[in-house]
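Number of protein chains: 2
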Amino acid sequence: MKVGIVGIGHSRFGRRDDVTVQELAFEPFVEALNDAGIARKDIGATIIGASPVYMTQRSIAGPITEYLGLNPQPVWLTEAACSSSAVALRTAYALISAGMHEIVLVLGVQKMLENPTSEVLKIMGRSGDVQWEAPYGTTFANYYAMYANSHMAKYGTTSEQMAAVAVKNHYYGAMNPLAMFQKEITIERALESRIIASPLRLFDCCANADGSAALIVTNEEKAKQLSDTPIWISGLGAATAPFSLLTRPELATLSSAVEASNIAYNQAKIQAQDIDVAEVHDCFTIAEIMAYEDLGFAERGKGGEFVEEAYIGGKVPINVDGGLKAKGHPVGATGCSQVVGIVKQLREEAGKSQVDGAEIGLTHNVGGHGQYCVVHIFSR
Amino acid sequence: MKVGIVGIGHSRFGRRDDVTVQELAFEPFVEALNDAGIARKDIGATIIGASPVYMTQRSIAGPITEYLGLNPQPVWLTEAACSSSAVALRTAYALISAGMHEIVLVLGVQKMLENPTSEVLKIMGRSGDVQWEAPYGTTFANYYAMYANSHMAKYGTTSEQMAAVAVKNHYYGAMNPLAMFQKEITIERALESRIIASPLRLFDCCANADGSAALIVTNEEKAKQLSDTPIWISGLGAATAPFSLLTRPELATLSSAVEASNIAYNQAKIQAQDIDVAEVHDCFTIAEIMAYEDLGFAERGKGGEFVEEAYIGGKVPINVDGGLKAKGHPVGATGCSQVVGIVKQLREEAGKSQVDGAEIGLTHNVGGHGQYCVVHIFSR
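These protein sequence lines are chains A and B, in that order.
Using this note's numbering, the final residue of the first sequence is 363, and nothing's skipped along the way.
Using this note's numbering, the final residue of the second sequence is 363, and nothing's skipped along the way.
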């Protein structure tokens, strides 16, 4: 039995002091209901993807459930750091395939900016190893700085190549009215920006953000009934990598991404070259370069050169909604946001950044510093 | 297709300064693997039930996965406050029924006592409404004190009846070598203990604890192959209740528990009177009395009188492993711990607290102050 997406919603990402977390959840919820043409009573269960540690309100599923008017339906939260809402979608797929629910709402939501930046960095850093690594100063940028240094040393990847990823994603972000940053940048500006964690500069890093996104997921029969353009989940891969850097044989790749994408390609019976459009987890520019390789789009070590192929018209248009880099990265919402981007592409509703004739899309959502990775493949 | 439990493990509950959270997770993991007669490589995915907010280490699934040697298998966390590991089991059921994994490890784990008590109370209180209720001092005991006052006013329930629940659960806790408290108490001692939140006294409240429990869950074919005594999950119910007390029509019941148990009974095609043994969520003594009624064991309003029927030999032996009250309540581990108790009963491995010939068991795991409830029914 196939499982499909028939409704999507996406809030404006960025600083959202104008709303509570419940109100932020409400925005894409209503949009997704309307898109699917269903009422809230049609929802059988809701899975919320969020990292609970950024919010004063604990166990956020309770207040959101009430605010959205979903009682007494079951609701719970899934957490896998930055891939929290990708595992929420995986859970929804399982609930529907198992016949336990007919329609499941997947809701990714996160408010990070009510905390001071120093607190956000500390909380985020603590999803790395607090016992053996945090004492040496491992914030999140530090992990990816180590990956970047390793990739540069091993393959000759350059700061210019990393900056080119930022230029591309801001180019597309400028077309996305929901993105946190809607201005193009130049390679010079990126290269002149201040060092955050060497070799990563400000423009190599995505920004903490507030945001939310929602998906209405259902079984094959219901999907065909509700939508003329259901988007099918044709492959699902999830994997983990060793948590401690010490135990990873190498830093220039995320083994979880290699593993998860292979599982997803096998299930969908396709190969990397069959992907028409992809959303990859560019929390840092080096992360996108590593993703090119880990997902099989570029040869190992050639990721730095691949960015030109990731524009529309290239081999695989990637992050043409702006990616985490331009949209901002509200941890729990990012996985859902990526799926919204791909659904729009496969429905041919992506406006200025539409990839002509896109039929197969992929999302790559990395959790933490790569200890989790979830890859989904979609087809129309 | 049926889904069954073929392996269980349970750590000692209580103050566990002797172990890290990873080591605490390891204890029931190894026990469950040995019990099921499988190796770690046989596990397809792991769902961890835990509340992430009590730990300095964020996104705990990553370090636990590495420590247990489970990379590269997918692992994520589920959270629904105190019912976090019941929704983990619900997720595992879905993954197996959907054919996505053959064997799933469900692991409930929580270390709370590394925080000072005042901090634990504050964190726990924040799973209630931080905007409208916390400013009035709603710690967890306060919520249940309101329920108790309501139940007393409406039905004439007495402090003696609440104390009798504590006496029963400590009576059975004294037989459980893994319980935090292994001493019997008297009704006088309970009634003389200090007020925590009127009318609740110290002995009306369960204790914060460290602890862990694990389940190996698999499909029908594999379960029959691995075990002579697989325990089947024959009914699953999950529901939510309004989050804010303001919006609840009444405080002497948890509508989520009524809803969840009805769903589970219907799926299992049984009624309350068919249950041979149950584990209910006695975070406070009044919670057990409300559960008697919400689950249909006692008539509405007669819960206070029912405690004598909840001993072995009575109508439905309840919490005969000591319940949260005597075992302690390590938030994320409690749901799994309840299931371990029922599996032991249905396997006739419960030792001194065995209910003769128990064939059908129930677990009732409440999250927060009742905004979540998960009910599972098991049969042998």
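Every residue gets a Cβ at the ideal spot worked out from N, C-alpha and C, and that includes glycine.
Taking residue i and residue j to be in contact with their CB atoms under 8 Å, please state how far apart those CB atoms are, rounded to whole angstroms.
{"i": "residue 393(B)", "j": "residue 159(B)", "result": "This structure leaves residue 393(B) out entirely; chain B is present only between -16 and 363."}
{"i": "residue 343(B)", "j": "residue 272(B)", "result": "No, residue 343(B) and residue 272(B) are not in contact; Cβ-Cβ is about 22 Å, not under 8 Å."}
{"i": "residue 178(A)", "j": "residue 184(A)", "result": "6 Å"}
{"i": "residue 301(A)", "j": "residue 131(A)", "result": "With 8 Å as the limit, residue 301(A) and residue 131(A) do not qualify as a contact, their Cβ atoms being about 18 Å apart."}
{"i": "residue 170(A)", "j": "residue 147(A)", "result": "6 Å"}
{"i": "residue 29(B)", "j": "residue 96(B)", "result": "Not a contact, Cβ separation roughly 24 Å."}
{"i": "residue 140(B)", "j": "residue 287(B)", "result": "4 Å"}
{"i": "residue -3(B)", "j": "residue 214(B)", "result": "That pair is no contact at about 26 Å."}
{"i": "residue 357(B)", "j": "residue 297(B)", "result": "Rounded, the Cβ-Cβ distance is 25 Å, inconsistent with contact."}
{"i": "residue 59(B)", "j": "residue 63(A)", "result": "4 Å"}
{"i": "residue 206(A)", "j": "residue -11(A)", "result": "5 Å"}
Would you say residue i and residue j are within 8 Å of each other, going by their C-beta atoms?
{"i": "residue 312(B)", "j": "residue 189(B)", "result": "yes"}
{"i": "residue 126(A)", "j": "residue 352(A)", "result": "yes"}
{"i": "residue 11(A)", "j": "residue 34(A)", "result": "no"}
{"i": "residue 103(B)", "j": "residue 7(B)", "result": "no"}
{"i": "residue 135(A)", "j": "residue 187(A)", "result": "no"}
{"i": "residue 314(A)", "j": "residue 67(A)", "result": "yes"}
{"i": "residue 322(A)", "j": "residue 240(A)", "result": "no"}
{"i": "residue 316(A)", "j": "residue 195(A)", "result": "yes"}
{"i": "residue 338(B)", "j": "residue 290(B)", "result": "no"}
{"i": "residue 5(B)", "j": "residue 113(A)", "result": "no"}
{"i": "residue 355(B)", "j": "residue 212(B)", "result": "no"}
{"i": "residue 75(A)", "j": "residue 200(A)", "result": "yes"}
Using a cut-off of 9 Å between C-beta atoms, extract the partners of residue i located in chain A.
{"i": "residue 27(B)", "result": "In chain order: nothing, as chain A lies at least about 11 Å away."}
{"i": "residue 197(B)", "result": "Going along chain A, no residue has its Cβ under 9 Å from residue 197(B), so there is no contact; the nearest lies around 18 Å."}
{"i": "residue -12(B)", "result": "Within 9 Å Cβ-Cβ: nothing; residue -12(B) doesn't reach chain A, min ~17 Å."}
Please compile the residues from chain B whose C-beta is within a distance smaller than 8 Å of the C-beta of residue i.
{"i": "residue 56(A)", "result": "222 and 223"}
{"i": "residue 64(A)", "result": "41, 42 and 45"}
{"i": "residue 216(A)", "result": "Going along chain B, no residue has its Cβ under 8 Å from residue 216(A), so there is no contact; the nearest lies around 12 Å."}
{"i": "residue 118(A)", "result": "The contacting residues do not exist; residue 118(A) stays about 12 Å from chain B at best."}
For the alpha helix (DSSP H) containing residue i, list its first residue and its last residue.
{"i": "residue 48(B)", "result": "44 to 50"}
{"i": "residue 264(A)", "result": "Premise fails: residue 264(A) is in no alpha helix (DSSP H) and is neither H nor E."}
{"i": "residue 123(B)", "result": "123 to 138"}
{"i": "residue 325(A)", "result": "314 to 329"}
{"i": "residue 148(B)", "result": "142 to 156"}
{"i": "residue 301(A)", "result": "First-last for residue 301(A): undefined, no H or E at that position."}
{"i": "residue 293(B)", "result": "No alpha helix (DSSP H) contains residue 293(B), which DSSP labels as neither H nor E."}
{"i": "residue 6(B)", "result": "4 to 19"}
{"i": "residue 101(B)", "result": "100 to 108"}
{"i": "residue 173(B)", "result": "170 to 175"}
So what does residue i bridge to, in DSSP terms?
{"i": "residue 254(B)", "result": "None, per the DSSP bridge assignment."}
{"i": "residue 223(B)", "result": "355(B)"}
{"i": "residue 93(A)", "result": "194(A)"}
{"i": "residue 362(B)", "result": "215(B) and 343(B)"}
{"i": "residue 183(A)", "result": "180(A)"}
{"i": "residue 59(B)", "result": "30(B)"}
{"i": "residue 201(B)", "result": "-13(B) and 86(B)"}
{"i": "residue 245(B)", "result": "Paired residue(s): none; residue 245(B) is not in a bridge."}
{"i": "residue 348(A)", "result": "357(A)"}
{"i": "residue 65(A)", "result": "63(A)"}
{"i": "residue -3(A)", "result": "193(A)"}
What in chain A is Cβ-close to residue i, meaning under 8 Å?
{"i": "residue 230(B)", "result": "49"}
{"i": "residue 39(B)", "result": "109 and 113"}
{"i": "residue 313(B)", "result": "Simply none; closest approach about 16 Å."}
{"i": "residue 163(B)", "result": "By Cβ distance, chain A contributes nothing, its closest Cβ being about 23 Å from residue 163(B), past 8 Å."}
{"i": "residue 141(B)", "result": "Ordered by position in chain A, no residue passes the 8 Å Cβ test against residue 141(B), which lies about 30 Å from the chain."}
Mind listing the chain B neighbours of residue i? Cutoff is C-beta to C-beta under 7 Å, in chain order.
{"i": "residue 227(A)", "result": "49"}
{"i": "residue 242(A)", "result": "55"}
{"i": "residue 351(A)", "result": "42 and 45"}
{"i": "residue 92(A)", "result": "The premise fails here: residue 92(A) is roughly 14 Å from chain B at the closest Cβ pair, so nothing lies under 7 Å."}
{"i": "residue 36(A)", "result": "35, 36 and 41"}
List, in order along the chain, the chain A residues whose C-beta lies closer than 7 Å to that of residue i?
{"i": "residue 239(B)", "result": "55"}
{"i": "residue 78(B)", "result": "77"}
{"i": "residue 136(B)", "result": "Chain A residues near residue 136(B): none, gap ~25 Å exceeds 7 Å."}
{"i": "residue 100(B)", "result": "Near residue 100(B) there are no residues of chain A at all, since even the closest Cβ is about 17 Å away, more than 7 Å."}
Residues of chain D with a CB under 7 Å from the CB of residue i: which are they?
{"i": "residue 70(B)", "result": "Any reference to chain D falls outside this structure, whose protein chains are A and B."}
Give me the chain B residues within the contact set of residue i, using Cβ-Cβ distance strictly less than 9 Å, ordered along the chain.
{"i": "residue 355(A)", "result": "42, 44, 45, 48, 57, 58 and 59"}
{"i": "residue 106(A)", "result": "41"}
Over the uninterrupted beta strand (DSSP E) stretch that includes residue i, give me the two end residues.
{"i": "residue 53(B)", "result": "Segment: none, residue 53(B) is in no beta strand (DSSP E) and carries neither H nor E."}
{"i": "residue -13(B)", "result": "-14 to -7"}
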